[in-house]
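Worksheet: one structure, shown below.
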Amino acid sequence: MTLMTNSDCILEMINVSKTFPGVKALDKVNLSIRKGSIHALMGENGAGKSTLMKILYGLYTPDAGGEIFFDGKPFNPKAPIDAIHTGLAMVPQEISPSANLSVAANFYLGREIKKGILMDQSAMNEKTNDILKELGIPMSVETLMQNVSVAKAQLLAIATAVSYDAKLIIMDEPTTALTESEVHQLYRIVKKVQERGIAIIYISHKLGEVFELSDEVSVIRDGEYIGTKKTTDITKEELINMMVGRDMDEMFQREDVIIGETLLEVRNLSLPGKFHDINFSVRKGEIFGIAGLVGAGRSEVVEALFGYKPAESGEIHLHGKKIEIHKPCDAIKHRIGFVTEDRKLTGLMLNMSVTDNMIMPELLPYEKHHLISEELARDVANSMKDQLRIKTPTVETIIGNLSGGNQQKVLIARWLLLEPEILILDEPTKGIDIGAKAEIYKLIVELARLGKAIIIVSSEMLELLSLSDRIMVMAEGREVGIVDRDNATQEVILEMAAGGDVPSQEEQELESEYQTQGVA
Amino acid sequence: DTLVIGAPMPSFADKWMSYLFEGINDFNDKHSDVEIKMTDANEDPSKMLNDVDNFIDAGVNALLVVPTDIAIVKPIAKKANRANIPLVIVNRLPDESAMKNVDAYVGSESIQAGIIQAESVVGMLDGKQGNIAILMGVLGHEAQIKRTEGNKQVFSQYSNIKIVAEQEGRWDRAKALQIVEDLLQAHPEINVIVANNDEMAIGALLAARKAGLTDADLIITGVDATPDALEYLGSGLDSTVFQSAKGQGYGGAEIAYKLAKGEKVQKMNWINFELVLEEQKVEYLYKYQ
Amino acid sequence: MIKEASANARKTHYTEILNKYGMLLILILLFSALSLKIDGFASFRNIFSILEQVSMFGIIAIGVTFAIVTGGIDLSSGAVVALASVVGASIVTGTEGYGMTIFAFGAAMFVGSICGLINGSITAYGRIPPFIATLGMMTMARGVAQLVSNGRPIDASSDAFTSIGDGSIFGVPGLVVIYVLVAITCHIMMSRMSFGRHVFAIGGNVNTAKICGVNVEITLLKVYILAGALAGLAGAMLTSRAYAGNPTFGNMWELDAIAAAVIGGTSLAGGVGSVPMCIVGALIIGVMNKGLNMLGVDPYWQQIIKGMIIIGAVLLDAQKRKKA
Amino acid sequence: MIKEASANARKTHYTEILNKYGMLLILILLFSALSLKIDGFASFRNIFSILEQVSMFGIIAIGVTFAIVTGGIDLSSGAVVALASVVGASIVTGTEGYGMTIFAFGAAMFVGSICGLINGSITAYGRIPPFIATLGMMTMARGVAQLVSNGRPIDASSDAFTSIGDGSIFGVPGLVVIYVLVAITCHIMMSRMSFGRHVFAIGGNVNTAKICGVNVEITLLKVYILAGALAGLAGAMLTSRAYAGNPTFGNMWELDAIAAAVIGGTSLAGGVGSVPMCIVGALIIGVMNKGLNMLGVDPYWQQIIKGMIIIGAVLLDAQKRKKA
Ligand SMILES: Nc1ncnc2c1ncn2[C@@H]1O[C@H](COP(=O)(O)OP(=O)(O)OP(=O)(O)O)[C@@H](O)[C@H]1O
Ligand SMILES: Nc1ncnc2c1ncn2[C@@H]1O[C@H](COP(=O)(O)OP(=O)(O)OP(=O)(O)O)[C@@H](O)[C@H]1O
Ligand SMILES: [Mg+2]
Ligand SMILES: [Mg+2]
């Protein structure tokens, strides 16, 4: 390899390595990004994608021996501020805006507009508004971030990165929190950005996105650089092969499972302001999907079902008997498991070990003479680690050090260990690579075969369509209808979901404002 | 071979004590064959027990203790006895049963200070109606308990005297200043302020000045006769009570020294309180030179 | 449907006001109740007196609020008060003149800043919890104060110096004037300057703040220096009011200051707080202290009642929010 | 390649050990240094003496560790010591016999538990920050202690009762025996029982704990009751050692206890902590106190040095981790 920097490239990384205690996350990785191109970066969970990007952004220091050139000049960021000043911006994988600040404050955080020694609040509000309008993300800029939905926050993070005067923008799995319509909005933004001559590194597990957006794609596997291809020169199968190192069938084919008697029945479940009159039943061996746009109240329904945020009225029947679920422990007693939507907020105990994270819901099986046996717990965790191919040095590793996808697998393992009768999965494959996704699908079907009932909430239409026996569609907190597998198509469901889609008053006002100004 | 005397002290943040320490240091400096080590219990009796233990472990020749409170003397005496180390208690008089195991006591009875202070107030009132506010030190400290008790013993005998308020000034000038401000507002009838120590008395007189009261309006009295207080004597402060801190420190050290050498000493060594009025100001100021 | 929504909106509005100004309401209730019980409690004179008594730990509370908003804490402020008072007093002792007075105030604030600088460096660069850093500083500062003063109060009764604590401007006591000036300045810093914005960002999410290019270390350093300087200022004010510096001053003031901040709605988890509400918190404590003293409540009971009021106020506030 | 990996593994192993036992190393270094300086410092007798001195706030520190691991704190423990000591003393005052002794210890722990119950209820059900709940309790418990005792020490010099503090079993002082028993019990509770797991889960992520079916409220209640009961026990131990109960006992002990926990690596953010390391933390403070006293360091300087050692130890530990 020549050490001459290529003037075509905005970024060149040569032989970059990174070692964490016990893990070699990156091993002599090379990456070249051409100016103004959209460059997809792919690899399985834990391959080292985020780590590579964090090095670029000055969040991690790489091991000695590698070199990075940005715009032809050597580049060794010590802190994000260095990266920002050099012309880099990043949308991190786990966006967590300052919830206590307003949209505009977040937007201009670290680069506030000043008038004298004071901040020019109105200028920041105005400019934020302008930029959001331009990108087609209408929202009130004075809203506190804690009142902004995850999806909006994700779009906002992207808008923020765009608004930096950057030459290269990193987007680490920007679409995990988005539904289809928002994804298209994102595409628009990305294309707009590219038109300005800005290069983008785009990390995603979704092949569709990669082929739709990117000019080139690079793959890393187990911390090693595999190669870079022009997107037009490569097929899906070849790309998957590069990532997992073997041939794999991408399309998941569901086998049929015998469906038994009714296990769970939900009647007139309501939580004012969130959802109303939800009725459905799930049978043994059935996979029951719930579809809807973001904000339709799907998560709230399953949270109520699990007793996390209990409903105010309505009944839940299990095995034909009415049961009371006021708290999650009631649900757990009835062997209901629940993989929640928000990993950070309700999933992980970040500074605890993988084992501790797995065994928490039910400690009894690990007790010997009323004391928890570490050995027993470790063995069980290890078997789960193997079964789900969780990439972690040991099961004692602090879960915060795992890659996003592997964290998700641990959470799924947690509820599998409960051996649930009913398993609720809210966006279960968020951030999970294709290989693992297939494994999880297989697992879900396997559970169904064993006579368990599965409820799955997902924003990925294909996932729902290929897995579910029936799909309930929700809009604006109401049940629009339930479709059978045979009748369910993307169009039908989208239409149903949009049927109830009335934008909120605030959004309507903003929208009409844009129209009168002739922007939209 | 120098003698070592362990001297656990209750608080290094106490002004009056600091003169007592000076007395001890004075003795230490004048005698080359003795080394006196002081520790600070920070007003924590448990810490004082630790200090005693440590000195016993270090094998000192005698213990010179100003106890945090008199209840703590018992276990200290027991420990000293067991280790066969002579023990001198200074300043705070333990009860009889505790005194059995103590070799010598140097000091006075705290209650006396309260009595002397109260009697001076009675004299100054001269039969007039007296409405009294008492400012107490940190609740539970021996000096707070005994001095207040002495005050009340005297005041209860006079029908023209009424205790209007009792508050905790924590030995602290700033705290007393705040309390007296409030008290004078709530009870304009107050014409006597009796403080457990001089620092609080000074706080009281600053508050009185703020409230626009003159010397004639208020009788203020403290205990300790510290140099600061002596300065204010006659210009706001009406009386204070002197108890020779240096004398107690020096005297205590001397007795501990003798005991360490195996000499015989007198068990009770009284150092009396003295009332200080404006007339004696110069005389007492001289003691600090 | 529309009716419901507007009713909802109105409800939200009320609850928002309750959330924001609930403590102010509690303060007003407390004050009114005491005014009914005690003659002259609602007088100007008394209000200024409360403000004067509050001014010193109130100023500390403002500094502490900054620290708490970043997600930190400052336990050293009481000890810094002592150190600053001793240093300030030893400058003016035996001297006169306004030059020396200003110098003493400056020196007190400087000493406080140094303590704050150390707190901040240990926290920001040493990455050790501010609880421990400032706990250590608390012990050290008090030790130094005693060392400097030899454990004794230092006279500071020069006319010029005490005129700050004794004097008044248009009837407003000098200390209250200082309190108001500090409060306004700090309020602007917190709510209108990018420094304040960064303070909130760090408390909200330190990683995000870092990613956005906020210089977390420098900001923390500034915060602790500010808190230290304000504690130093409070020390100088107390010295001027008490005519002396004393190594025992400021004992446990840090707890009162923290209580004031938290009663004012500052979240110990960081990211939430404001100067005006911190003043409300300090006033609740001040009104309570004054009321209990003026009512002549037994000192033992005073402590018990004080504890109950503090918990009660925060509880009431939390309950209201929960219902809302 | 394989060689490199194994070298790496070994390095990891070292750093892991350093992370985990760094403070133990610091303790050993401190102890060795003092042993070189002071004759007889490394004797059994002295070690027991250190353990005895540490036992009381060490026990409190264990309770506080539970509270901190849930993400909370307990500032009331020092005041609870005072209250428990007064209650315990008034039971044995003027009496004799082991029955009364046991009753006094029981009563002290019961009183502590009640305080803890109140702390816990306010925190768990009132949802107000434990910092404020226990700060209020700190003031209240001390007030009640003074009320009960009328502000005076209460004699507790009965032979049976004081034999706990004075006596020893096979040469091990009674208080040390209690400390060890409490430590073992609490260590098992924390590391091996589901209660302990729940404590960690709450500190790790309270939402997740809820989702995993943990009864957060009850667990918090238990934690604060435990912390209160242990503070009560420490109060009884101190009473037996000091032959008296005293409302001034335990002043600022809560800070020593918290310092011990944090020096032992308990994270104030919650979710991290252990009983053995809390003991190491307490021992560092104890060894330091004893060493400074035996060296005859000037008390003013002692405070300064103490502050420096506490900060230094945590700093050293943090630095080591950072490098690793
Ligand atoms: N701070 C850390 N400490 C220790 N190990 C880490 C740390 N961060 C990442 N790792 C490890 O480095 C490897 C690469 O992680 P990284 O987050 O870069 O993966 P990724 O490719 O982004 O995966 P995903 O698609 O799941 O997000 C993983 O094995 C992970 O466990
Ligand atoms: N704290 C909050 N304040 C205001 N609105 C909120 C808050 N939390 C959530 N919302 C909004 O409530 C609505 C319902 O959210 P919910 O999570 O149930 O949606 P969902 O149908 O599950 O969609 P998804 O899970 O795909 O995001 C969303 O529009 C969300 O933006
Ligand atoms: Mg990643
Ligand atoms: Mg959802």
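Chains as they are written, first to last, in this note's numbering: chain C, 1 to 520; chain S, 1001 to 1289; chain A, 2001 to 2324; chain E, 3001 to 3324.
We treat Cβ as the ideally placed atom computed from N, Cα and C, and that holds for glycine.
According to the DSSP assignment, W1016(S) belongs to the alpha helix (DSSP H) that extends over 1015-1030. G3078(E) sits away from I3154(E), with the two beta carbons spaced by 8 Å or more. Here V1066(S) is actually not in contact with N1028(S); their C-beta atoms are around 15 Å apart, not less than 8 Å. For the region 2128-2157 of chain A, the residues whose beta carbon sits under 7 Å from a beta carbon of chain E are, in order, I2128, P2129, F2131, I2132, A2133, L2135, G2136, M2137, T2139, M2140, R2142, G2143, V2144, Q2146, L2147. Burial state of D2074(A) is buried, judged by a 10 Å Cβ sphere holding 16 or more other Cβ atoms.
With its beta carbon less than 8 Å from one in chain C, C2212(A) belongs to the interface. Contact of S403(C) with chain A is not assigned, every C-beta pair being separated by 8 Å or more.
Within the model, the alpha-carbon separation for H317(C) versus I323(C) is close to 6 Å.
Within the region 1120-1147 of chain S, M1136, V1138, L1139, G1140, H1141, E1142, Q1144, I1145 place their CB atoms closer than 9 Å to a CB of chain E, listed in sequence order.
When DSSP states are grouped into helix, strand and coil, Q408(C) belongs to the helix group. For G347(C), the nearest beta carbon of chain E is closer than 8 Å to its own beta carbon. At a threshold of 7 Å, Q93(C) counts as near ligand 3, since its beta carbon sits closer than that to one of the ligand's heavy atoms. Distances from the alpha-carbon of L2226(A) to those of V2199(A), Q2303(A), T2248(A), A2242(A) put V2199(A) closest. The alpha-carbon separation between V141(C) and F2195(A) amounts to approximately 21 Å.
Between Y2300(A) and chain E, the shortest Cβ-Cβ separation is below 8 Å. Listed in chain order, the positions of the region 134-147 of chain C with a beta carbon within less than 7 Å of a beta carbon of chain A would be empty, since no residue qualifies. Shown here, N1197(S) sits in coil according to DSSP, grouped into three states, outside any helix or strand.
Here DSSP, grouped into helix, strand and coil, assigns P3173(E) to strand.
Residues of the region 2193-2221 of chain A with a C-beta less than 8 Å from any C-beta of chain C: M2193, S2194, R2197, H2198, F2200, A2201, G2203, G2204, N2205, N2207, T2208, A2209, K2210, I2211, C2212, G2213, V2214, N2215, listed in chain order.
In this structure, the straight-line span from the alpha carbon of F1155(S) to that of I1190(S) is close to 15 Å. Scanning its chain for C-beta atoms nearer than 6 Å, with the 5 sequence neighbours on each side dropped, one finds around G48(C) the residues A25, L26, I220, G223, in chain order. For G292(C), the enclosing beta strand (DSSP E) begins and ends at 287-292. The Cβ neighbour count for D8(C), taken over all protein chains shown within 10 Å, is under 16; the residue is labelled exposed. Restricting attention to C3186(E), A3259(E), M3137(E), the CA atom closest to the CA of L3117(E) is found in M3137(E). If you check each beta-carbon in the region 107-119 of chain C against every beta-carbon of chain A, the ones closer than 8 Å belong to L109, G110, R111, E112, K114, I117, L118, M119. Judged by the Cβ position, A47(C) qualifies as a neighbour of ligand 1 at the 7 Å threshold, a heavy atom of the ligand being closer than this. Against chain A, the CB of Q3303(E) has a partner CB under 8 Å away; the residue lies at that interface. Within the region 2235-2269 of chain A, the residues whose Cβ lies closer than 7 Å to some Cβ of chain E are L2255, A2259, V2262, L2268, listed in chain order. Following the DSSP letters along the chain, one finds A1229(S) inside the alpha helix (DSSP H) bounded by residues 1227-1232. By the criterion of a C-beta distance shorter than 6 Å, E237(C) is surrounded by no residue of its chain, once the five residues flanking it on both sides are discounted. Between ligand 3 and the CB of G404(C), the shortest heavy atom gap is smaller than 7 Å.
In the same chain as L2027(A), and ignoring 5 residues on each side of it, the C-beta atoms closer than 8 Å to its own belong to V2280, L2283, I2284, V2287, in chain order.
L144(C) sits in a strand when the DSSP states are folded into three classes. Using a cutoff of 7 Å, the CB of T1002(S) does not count as near ligand 1, since none of the ligand's heavy atoms is closer than that. Segment contact: the region 3265-3273 of chain E against the region 3047-3059 of chain E, fewer than three CB-CB distances shorter than 8 Å; contact not assigned.
The beta-carbon separation of M349(C) and A3067(E), rounded to 18 Å, does not stay under the 8 Å limit for a contact.
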